[in-house]
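Q: According to the working numbering, the sequence shown is numbered sequentially starting from 24. For glycine and all other residues, C-beta sits at the position ideal for the given N, C-alpha and C. These numbers were taken from a predicted model, which means no experiment stands behind them. Would you mind keeping the following structure in view while I ask a few things?
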Amino acid sequence: GVGKSTFIEGFGMYLLEQGKSVAVLAVDPSSARSGGSILGDKTRMERLSRAKGAFIRPSPSQSQLGGVARRSREAVALCEAAGFDVVLIETVGVGQSETMVAEMADLFLLLLAPAGGDELQGVKRGIMEIADLILVNKADGDLKSTAIRTCADYAGALRLLRKRAQDPEGFPKAMTVSALELAGFADAWGEMCALTEWRRETGHFAARRAEQARYWFGEEVRHALLAQLQNGPARQDMAELAGAVAAGDMAVSAAAREMLSRLGR
């Protein structure tokens, strides 16, 4: 309810006006039961979806934690290879589990709605610690003063966090924007460009991408091993030990150790 799709459409249109080509990878939540997804993000960005120089690709999250679809990283690489200047990744927006997207993006933006001081506690410290820029949306109409106060609250909270080596003085920071009135986009984009340029000059940009590559290598190995367990010859052992755990005949940790022991034979 913070207006992610409205913000992305407005911000995407602003970037197009600046002569940038824009790709949007929008991840919609999937049903835990059926695995289906409405994929409504693209329909909420009608202007941007029809604009020249823009590309929108909705994908189901497939009930994965992290707020992004598993193959979003490859989609980002394809969009970069296709020559898009800016790639925007919209997550499912469920809070703390969004942190995986930071492992595939150069900048992590946290979009929030105006809220009272007590509601600041609702945003987990973990997600604030990885944010490069906090944008308080809906800074318009009756909510404008509340948005300004909320922004000040978050700016104060950010000052309490431990400074990161990848940030210049003053970052991360909080700003207000209005997706409805298309306000604050120029300032936000300016801060994004300044931060990215500083990281390029200091080597943090390349170091971050190298660390991300290592992270995704580990993820691919983990997924491949899990697929081998579920679909390969070991699936019978998995079923046997899972049955023992379900029946209460074996502890979960003991069953896991036994499974690893059998794999090593």
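(1) Could you check what DSSP says for K27 in three-state terms: helix, strand or coil?
(2) Take L252 and list the residues in its own chain whose beta-carbon comes closer than 6 Å to its own, dropping the five residues that flank it on each side.
(3) Does T114 pass the burial test, meaning 16 or more other C-beta atoms within 10 Å, or should it be called exposed?
(4) If I follow the unbroken beta strand (DSSP E) through E204, where does it start and stop?
(5) In whole angstroms, what separates the C-alpha of S168 from that of G207?
(6) Relative to the C-alpha of V110, which candidate in R182, L134, F34, A277 has its C-alpha closest?
(7) For the candidate residues A279, A250, P256, whose alpha-carbon lies nearest to that of L264?
(8) Would you kindly report the start and end of the unbroken beta strand (DSSP E) that includes E113?
(9) Does the count of Cβ pairs from the stretch 126-140 and the stretch 155-167 closer than 8 Å reach three?
(10) Taking the alpha helix (DSSP H) that L71 falls in, what are its first and last residues?
(11) Please determine, among I79, G271, G179, R231, the residue with the shortest C-alpha to C-alpha distance to S44.
(12) Helix or strand or just coil, what does DSSP make of M215?
(13) At the level of alpha carbons, what is the spacing between A128 and L205?
(14) In this structure, how does DSSP classify K186 when only helix, strand and coil are distinguished?
(15) Please report how far the alpha carbon of S82 lies from the alpha carbon of G179, in whole angstroms.
(16) With a 10 Å radius around its C-beta and 16 neighbouring C-beta atoms as the bar for buried, classify R185 as buried or exposed.
(17) Helix, strand or coil for V47? Go by DSSP, reduced to three states.
(18) Measure the beta-carbon distance from A197 to C174 and round it to whole angstroms, keeping in mind my assumption that it falls under 8 Å.
(19) How far does the alpha helix (DSSP H) with V244 in it extend, from its first residue to its last?
(20) Is A105 helix, strand or coil by DSSP?
(21) Roughly how many angstroms lie between the CA atoms of R285 and K27, to the nearest whole one?
(22) Check each candidate in D108, F228, D163 and name the one with the smallest Cα separation from L203.
(23) Thinking M151 and L130 are a contact (beta carbons under 8 Å), I'd like their distance in whole angstroms, please.
A: Reading off the structure:
(1) In the sequence shown, counting from the first residue as 1, residue 27 sits at position 4. Reduced to three states, the DSSP call for K27 is helix.
(2) As a working mapping, residue 252 is identified with position 229 in the sequence shown. Only residues of its own chain outside the window of five on either side were considered, and among them M261 have a CB closer than 6 Å to the CB of L252, listed in chain order.
(3) Here residue 114 refers to the residue found at position 91 when the sequence shown is read from its first residue. T114 comes out buried.
(4) On the sequence shown, position 181 is the one that residue 204 refers to. Per DSSP, E204 lies in no beta strand (DSSP E) and is assigned neither H nor E.
(5) Reading the sequence shown from its first residue, position 145 is the one you call residue 168. Reading the sequence shown from its first residue, position 184 is the one you call residue 207. Cα to Cα, S168 sits roughly 15 Å from G207.
(6) As a working note, residue 110 is residue 87 in the sequence shown. Answer by Cα proximity: F34.
(7) Along the sequence shown, read from residue 1 onward, the residue named residue 264 stands at position 241. Nearest option by C-alpha distance: A279.
(8) Position 90 of the sequence shown holds residue 113. Following the DSSP letters along the chain, one finds E113 inside the beta strand (DSSP E) bounded by residues 109-113.
(9) Output reads yes: the stretch 155-167 touches the stretch 126-140.
(10) Indexing the sequence shown from 1 puts residue 71 at position 48. Counting along the chain, the alpha helix (DSSP H) containing L71 begins and ends at 69-73.
(11) Residue 44 sits at position 21 when you count from the first residue of the sequence shown. In terms of CA proximity to S44, I79 leads the group I79, G271, G179, R231.
(12) Within the sequence shown, numbered from 1, the residue matching residue 215 stands at position 192. Three-state result, M215: helix.
(13) Translated into the one-based positions of the sequence shown, residue 128 becomes position 105. Translated into the one-based positions of the sequence shown, residue 205 becomes position 182. Taking the straight line from one Cα to the other gives about 24 Å.
(14) Taking the first residue of the sequence shown as 1, we reach residue 186 at position 163. Residue state, collapsed to three classes: coil.
(15) Within the sequence shown, residue 82 is the residue found at index 59, counting from 1. Within the sequence shown, residue 179 is the residue found at index 156, counting from 1. The alpha-carbon atoms of S82 and G179 are separated by roughly 36 Å.
(16) Position 162 of the sequence shown, counted from the first residue, corresponds to residue 185. Exposed, since its Cβ has fewer than 16 Cβ neighbours within 10 Å.
(17) Start at 1 with the first residue of the sequence shown, and residue 47 comes out as number 24. In the structure shown, the three-state DSSP call for V47 is strand.
(18) Looking up residue 197 in the sequence shown gives position 174. Looking up residue 174 in the sequence shown gives position 151. With a contact defined as Cβ atoms closer than 8 Å, A197 and C174 qualify at about 5 Å.
(19) Translated into positions along the sequence shown, residue 244 becomes position 221. The continuous alpha helix (DSSP H) containing V244 extends over residues 227-254.
(20) Along the sequence shown, read from residue 1 onward, the residue named residue 105 stands at position 82. A105 falls in the coil class under three-state DSSP.
(21) By 1-based counting over the sequence shown, the position of residue 285 is 262. By 1-based counting over the sequence shown, the position of residue 27 is 4. Going from the Cα of R285 to the Cα of K27 covers about 47 Å.
(22) Counting from 1 along the sequence shown, the entry for residue 203 is found at position 180. Closest by alpha carbon: D163.
(23) For the purposes of this step, residue 151 is taken as residue 128 along the sequence shown, with counting starting at 1. For the purposes of this step, residue 130 is taken as residue 107 along the sequence shown, with counting starting at 1. About 15 Å; that fails the 8 Å criterion.
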